[in-house]
Amino acid sequence: DTGVSQNPRHKITKRGQNVTFRCDPISEHNRLYWYRQTLGQGPEFLTYFQNEAQLEKSRLLSDRFSAERPKGSFSTLEIQRTEQGDSAMYLCATPSGTSPVENTEAFFGQGTRLTVV
Amino acid sequence: DAKTTQPPSMDCAEGRAANLPCNHSTISGNEYVYWYRQIHSQGPQYIIHGLKNNETNEMASLIITEDRKSSTLILPHATLRDTAVYYCIVSAGGTSYGKLTFGQGTILTVHP
Numbered sequence: 338d339t340g341v342s343q344n345p346r347h348k349i350t351k352r353g354q355n356v357t358f359r360c361d362p363i364s365e366h367n368r369l370y371w372y373r374q375t376l377g378q379g380p381e382f383l384t385y386f387q388n389e390a391q392l393e394k395s396r397l398l399s400d401r402f403s404a405e406r407p408k409g410s411f412s413t414l415e416i417q418r419t420e421q422g423d424s425a426m427y428l429c430a431t432p433s434g435t436s437p438v439e440n441t442e443a444f445f446g447q448g449t450r451l452t453v454v
Numbered sequence: 021d022a023k024t025t026q027p028p029s030m031d032c033a034e035g036r037a038a039n040l041p042c043n044h045s046t047i048s049g050n051e052y053v054y055w056y057r058q059i060h061s062q063g064p065q066y067i068i069h070g071l072k073n074n075e076t077n078e079m080a081s082l083i084i085t086e087d088r089k090s091s092t093l094i095l096p097h098a099t100l101r102d103t104a105v106y107y108c109i110v111s112a113g114g115t116s117y118g119k120l121t122f123g124q125g126t127i128l129t130v131h132p
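First to last, the sequence lines map onto chains A and B.
Quick note on our numbering: the first sequence kicks off at 338 and runs consecutively.
Quick note on our numbering: the second sequence kicks off at 21 and runs consecutively.
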């Protein structure tokens, strides 16, 4: 158990439906990352937050995707009008460092596996 | 961040040392080498990281060549539970600290 909790662990949805995932990070970690992992590939960066501010978004994050981190605590990732290509594992991670000069480990949640049928 | 090259798969006998290589020939002076692993259906797990000196912790040892263009992760006594995908990642940290660029990794299979 890394201390990073993701819910739900599995989600099956019909194409066109909206889904929302939640990540509860380690409380004292002020940075939070979202990654997506498709079968047989390594995780790919989607977006990250410094406290409540979303500082960077990957081009993988289409306008159907939105992420929030209200009050710099938990984060949500919403996908609107899901497509079959959205089927993947969605991972949340928080690095243990608190400043840019630190090179430290990142703690990952167990992920949410999304299947769009 | 610099790119890394790893063999797609490796085998190891239980109880023996597993030596996983990684090439990072374009690594910059301020970039660290990180190793993570991912056991099936779980999130990646941090193993170890280093800049230029060799590093050891309770999980593994990291050997970085003097020119820093390659490194080797050593699991000294592999067990069946070490079967996983191992990722070698190079990251400079800085303002994007914590951002990791994963490749496809090495699938390590430990067999009895």
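Cβ coordinates follow ideal geometry from the N, Cα and C atoms, glycine included.
Please read all numbers here as calculations on a predicted model, not as lab measurements.
- Around Leu120/B, the beta-carbon contacts reaching into chain A at under 7 Å are Ala443.
- Rounded to the nearest whole angstrom, the C-alpha separation of Gly118/B and Pro64/B is 13 Å.
- Under DSSP, Leu95/B forms a beta bridge with Ala38/B.
- Residue-level contact by beta carbon holds for Pro64/B and chain A, with a gap shorter than 7 Å.
- Bridge pairing for Phe358/A: Leu414/A [DSSP].
- Close partners of Gly448/A in chain B (Cβ separation under 7 Å): Gly63.
- Taking C-alpha positions only, Thr129/B is separated from Leu100/B by approximately 8 Å.
- Boundaries of the beta strand (DSSP E) around Asn344/A: Ser342 to Asn344.
- Chain A places a beta carbon closer than 7 Å to that of Gly125/B, counting this residue as a contact.
- With a cutoff of 7 Å on beta-carbon distance, Thr452/A and Ser424/A are scored as near each other.
- What Tyr107/B touches in chain A, judged by beta-carbon distance under 8 Å, is Gly379, going in chain order.
- For Pro345/A, the CB contacts under 7 Å within the same chain, skipping 5 residues up- and downstream, are Thr449 in chain order.
- Arg368/A belongs to the set of residues whose beta carbon lies under 7 Å from a beta carbon in chain B.
- By the C-beta density criterion, Val341/A is buried, having at least 16 other C-beta atoms within 10 angstroms.
- Proximity of the stretch 31 to 50 of chain B to the stretch 89 to 97 of chain B meets the contact definition, three or more beta-carbon pairs being nearer than 8 Å.
- Counting only the Cα atoms, Lys394/A lies some 14 Å from Arg368/A.
- Around the Cβ of Arg57/B, a 10 Å sphere holds 16 or more other Cβ atoms; the residue is buried.
- Chain-ordered, the chain B residues with CB closer than 9 Å to the CB of Leu428/A read Gly63 and Pro64.
- Contacts with chain B at 7 Å (Cβ-Cβ) include Pro432/A.
- Under DSSP, Arg406/A shares a beta bridge with no residue.
- Taking 8 Å as the upper bound on Cβ-Cβ separation, chain B lies near residues Glu381, Phe382, Tyr385 and Glu393 of the stretch 381 to 397 of chain A.
- Under the criterion of beta carbons closer than 8 Å, Phe358/A and Tyr427/A qualify as touching, at roughly 6 Å.
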